[in-house]
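Numbering (the numbering used here), first residue to last: 117 to 307.
Structure below.
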């Protein structure tokens, strides 16, 4: 495990050339853009913020920038309302429900700002795996499947035998090892 992390650290350092991620302040214009992107059909919060968006962008950007400069996230914005969403199987079994957290809308604005800057940093330093399709704009499972099928067809044309194993990992996010995740975040200079 130690070798994997040292190799990763060398790789990240070679890409970033010791440039560290530094979260930049948000402008009132950026807050306004994020508010316009909010889905008003998800909950009441986005509807309300969209209605008064023109009046709150400056104070909201000030609050967010203070949070960034102090490297703190207000406790009240961490509280979410958890709703169980049914997935499959017997409805009487609690394991067949996935918890969904409804977070304060202001948290979503901050989250979008941070996510945009993190992604820009990863793109700028070429730290994303070229074939990663999930959680990336303009990427989906379709290009990944087309690439896979194309490589299979090429191998079949070359007379090679093809074998595949497909796994359906349920509750994948429960399998994330938090210590490893935090160690990798530190390597990428996110904190």
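Cβ atoms here follow ideal geometry from the backbone N, Cα and C, with glycine treated the same way.
- Between the segment 206-217 and the segment 243-255 there are fewer than three C-beta pairs closer than 8 angstroms, too few to call the two in contact.
- Of the residues assessed, residue 208 falls on the exposed side of the cut-off, its CB having fewer than 16 other CB atoms within 10 angstroms.
- Between the segment 195-203 and the segment 137-151, the count of Cβ pairs shorter than 8 angstroms is below three; the stretches do not touch.
- In the DSSP annotation of this structure, the continuous segment of the beta strand (DSSP E) that includes residue 202 starts and ends at 197-202.
- If you ignore the 5 residues before and after residue 268, its C-beta comes within less than 6 angstroms of the C-beta of 278, all in its own chain and listed in chain order.
- Residue 216 carries a strand assignment under DSSP once its states are collapsed to helix, strand and coil.
- Residue environment: residue 272 is assigned as exposed (fewer than 16 neighbouring CB atoms within 10 Å of its CB, all protein chains considered).
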